Every structure is written in C-alpha cells, then in structure tokens.
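Residue numbers are given in the working numbering: position 119 of the sequence shown equals residue 126, and the series is strictly consecutive. Every residue gets a Cβ at the ideal spot worked out from N, C-alpha and C, and that includes glycine. None of these values were measured; they are calculated from a predicted model. All remarks here apply to the structure that follows.
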Amino acid sequence: MTGLLTQAEGDPVAIENGDAKGDFLFVCEHASSRLPERLGTLGLPKEALESHIAWDPGALAVSRLLAGKLDGTLIHQRFSRLVYDCNRPPESDAATPVVSEVYEVPGNRAMSAAERQARVDEIYLPFHETVSEFVAARKAVGRQPILVTMHSFTPVYFGKSRSVELGILHDADSRLADRMLAVATTGEVAYDIRRNEPYGPADGVTHSLIEYGVRHGLPNVMIEIRNDLIRNEVGQRVMADYLGGLLARSAAALPKK
8 MTGLLTQAEG DPVAIENGDA KGDFLFVCEH ASSRLPERLG TLGLPKEALE
58 SHIAWDPGAL AVSRLLAGKL DGTLIHQRFS RLVYDCNRPP ESDAATPVVS
108 EVYEVPGNRA MSAAERQARV DEIYLPFHET VSEFVAARKA VGRQPILVTM
158 HSFTPVYFGK SRSVELGILH DADSRLADRM LAVATTGEVA YDIRRNEPYG
208 PADGVTHSLI EYGVRHGLPN VMIEIRNDLI RNEVGQRVMA DYLGGLLARS
258 AAALPKK
C-alpha cells in the first residue's frame with residue numbers, strides 16, 4: 008500500500024479567509040492530531056495521540072482568532088505532524104519521526120520508502136504548494152504578505168519544566184521578531200517572552216519561515232505559545248487579544264518599501 012488518503016478524508020490542507028483584505032498570513036503546520044484511516048494508530052496509545060507529540064494544542068484556535076481580528080488568511084494542515092511534519096523538508100528524518108520525545112512511533116519506523124514518499128506527495132507537497140501559490144498570487148498584485156507561523160509547546164519536556172511562556176522565533180530575517188520583542192518588552196511585560204526559545208534555527212524549526220518568508224523577502228516570524236496558557240477558550244481569547252495587538256503594532260513599525 009502506497010496510497011495514503013481516501014477521497015472521503017478530503018484535502019490535507021485548508022485555507023480560510025483566502026480573500027482577506029489584511030496582509031497577515033497565518034500558517035499552522037501542526038493544527039490537527041488526526042491520522043489517516045489507512046495508518047490506524049501508528050502503533051501509539053491514545054494518550055500519545057492526544058498529546059503534544061501529535062499536534063500543537065490550541066494553536067489552530069488562536070490562529071483562527073488572530074485571522075479574524077486582523078482580517079488575515081489562515082492556511083493549516085488537516086493531519087497530524089506524526090504523519091508528516093510540514094515544518095520539515097522531505098529530506099529531513101524529522102519529517103516522519105520514528106521517535107517523538109519519549110514515544111517510539113512504530114508505524115513510522117516500519118514504513119517503506121514508497122510509503123514515506125506517499126506522505127510527501129499527499130501531505131507535504133499540497134501544503135507547500137498551497138502556501139507558495141498564495142504568496143505568489145499576493146505578490147503578483149503588488150501585495151506583500153506578513154508571514155506568521157503559529158505553534159504551541161509543552162510546559163514539561165523530557166521531564167524538565169519550561170518557564171518561558173512565549174517564544175518569538177526567527178531565522179536570518181529578524182525584522183518582525185525584533186519589533187515584536189521591542190514592543191513586548193516596553194512598559195509592563197505581560198509574559199515571559201524570549202527570542203528563539205524554546206527552539207531556534209539550530210533545532211531545524213524554521214523551514215516554513217525560510218521557504219515561504221525569507222526566500223520571498225517577506226517579513227516573517229514564528230510564534231511559540233506554552234500550551235497550558237491556551238488549553239481552553241478563555242485562554243485562547245486572552246492570548247489572541249494580546250498577540251493581535253502585538254502583531255499589529257509591530258507590523259506598523261516595519262519600514263515601508
């Protein structure tokens with residue numbers, strides 16, 4: 008078996024508010040914990056499939072709220088990062104992890120080269136093409152998107168607590184991240200906010216920023232939210248209100264071309 012998705016499962020990627028008047032493009036690569044029917048459970052227990060190793064809890068909800076507040080477009084993946092992590096290129100072993108934190112992923116370790124290629128073809132490439140085509144279409148009409156990739160992270164990783172609450176991540180282009188950090192640390196500071204934490208470029212997490220932002224000269228940033236802050240609707244709305252203001256003020260401070 009090399010085919011992955013059934014017709015009933017629909018497209019692997021979703022685009023919301025594609026005709027947005029605002030410039031923000033929110034990308035959520037780890038929006039869902041859903042597995043294709045043909046993969047079963049990948050050999051994992053229920054608690055693993057509901058945990059952060061399968062998706063970024065709360066990230067999609069906050070992304071939707073932000074897209075609404077800022078009249079931006081949202082593009083998100085409809086299947087689990089365990090099937091294919093769309094923030095990794097096809098040549099990366101981390102795209103289809105055989106171990107995620109403390110969990111072995113038997114269904115990934117056992118797959119053939121043809122089965123892995125099916126995941127690239129049916130999960131990553133449609134996602135990649137959707138984001139790339141959106142950026143190209145905006146640029147063709149003289150509009151410059153502002154790329155924001157949205158993630159959440161676990162408060163405890165390999166048994167160690169993390170005190171950072173918001174990570175503002177960037178690769179070679181730090182224009183937007185610099186402004187966000189400057190705005191966020193002026194006056195009363197709402198959260199423990201840090202640059203390139205709990206991950207950074209050395210961890211291989213900036214693929215989307217490079218592919219859809221840096222290569223096109225677009226302002227770009229990756230936001231990491233500690234997931235205990237957005238585990239319910241109240242927390243999600245509070246975070247979206249904060250980030251919406253932070254993004255709007257920071258984008259307004261970017262140099263005009």
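Which of helix, strand or coil DSSP assigns to residue i
i: Gly-174; result: strand
i: His-158; result: strand
i: Met-118; result: coil
i: Ile-22; result: strand
i: His-214; result: helix
i: Ser-99; result: coil
i: Thr-80; result: strand
i: Asn-236; result: As written in the sequence, residue 236 is Leu, which differs from the Asn given in the question. Helix, per DSSP.
i: Phe-86; result: coil
i: Tyr-91; result: coil
i: Glu-108; result: coil
i: Arg-126; result: helix
i: Tyr-280; result: Since the displayed the chain opens at 8 and closes at 264, residue 280 lies outside it and no answer follows.
i: Tyr-198; result: coil
i: Lys-167; result: strand
i: Leu-51; result: coil
i: Leu-188; result: helix
i: Val-148; result: coil
i: Leu-11; result: coil
i: Glu-36; result: coil
Cα-Cα separation, residue i to residue j
i: Ala-259; j: Gly-29; result: 12 angstroms
i: Ser-70; j: Leu-81; result: 7 angstroms
i: Glu-98; j: His-214; result: 12 angstroms
i: Ala-197; j: Asp-210; result: 27 angstroms
i: His-223; j: Leu-216; result: 10 angstroms
i: Ala-27; j: Ile-230; result: 21 angstroms
i: Val-105; j: Lys-263; result: 45 angstroms
i: Pro-19; j: Leu-51; result: 21 angstroms
i: Glu-129; j: Gly-114; result: 17 angstroms
i: Tyr-206; j: His-158; result: 11 angstroms
i: Glu-218; j: Tyr-110; result: 29 angstroms
i: Leu-72; j: Arg-145; result: 22 angstroms
i: Tyr-91; j: Gly-149; result: 33 angstroms
i: Phe-141; j: Ala-21; result: 12 angstroms
i: Lys-167; j: Glu-195; result: 28 angstroms
i: Pro-64; j: Glu-172; result: 14 angstroms
Buried versus exposed call for residue i [16 or more other C-beta atoms within 10 Å across all chains shown]
i: Pro-152; result: buried
i: Phe-165; result: exposed
i: Arg-126; result: buried
i: Asn-234; result: buried
i: Thr-13; result: exposed
i: Asp-248; result: exposed
i: Thr-137; result: buried
i: Thr-156; result: buried
i: Val-212; result: buried
i: Tyr-174; result: Reading off the sequence shown, one finds Gly at residue 174, where the question assumed Tyr. Gly-174 is buried by the Cβ-count criterion.
i: Val-163; result: exposed
i: Ala-66; result: buried
Contacts around residue i, its chain only, beta-carbon distance under 6 angstroms, and the 5 residues preceding and following it disregarded
i: Gly-220; result: Leu-154 and Asn-227
i: Asn-203; result: Leu-176
i: Cys-93; result: Glu-36, Gln-84, Tyr-131 and Phe-134
i: Ala-147; result: none
i: Arg-95; result: Ala-101, Ala-102 and His-214
Residues near residue i by beta carbon distance below 7 angstroms, same chain, minus five either side
i: Ser-87; result: Ser-39, Ser-40, Arg-41, Leu-42, Ala-61 and Trp-62
i: Phe-246; result: Phe is not the amino acid found at residue 246; the sequence shown has Met there. Counting only Cβ-Cβ distances below 7 angstroms, and skipping sequence neighbours, we find Val-69, Ile-232, Leu-236 and Ile-237.
i: Leu-77; result: Gly-29, Phe-31, Gly-251, Leu-254 and Ala-255
i: Ala-306; result: The first residue shown for the chain is 8 and the last is 264, placing residue 306 beyond what the model contains.
i: Thr-161; result: His-59 and Asn-234
i: Gly-10; result: Ala-125
i: Glu-57; result: Ser-40
i: Ala-181; result: Ala is not the amino acid found at residue 181; the sequence shown has Ser there. Result list for Ser-181: empty, nothing under 7 angstroms.
i: Arg-123; result: Thr-103
i: Ser-139; result: Tyr-219
Same chain, Cβ closer than 8 angstroms to residue i, neighbours up to 5 away in sequence not counted
i: Ala-4; result: With the chain running from 8 to 264 in the structure shown, residue 4 is simply not present.
i: Val-112; result: Leu-49, Gly-50, Leu-51, Leu-89, Pro-104, Val-105 and Val-106
Whole-angstrom C-beta distance between residue j and residue i, which should lie under 8 angstroms
i: Glu-16; j: Glu-44; result: 7 angstroms
i: Gly-242; j: Leu-250; result: So it is not a contact: roughly 12 angstroms between Cβ atoms.
i: Leu-261; j: Leu-183; result: 7 angstroms
i: Met-187; j: Ser-257; result: 4 angstroms
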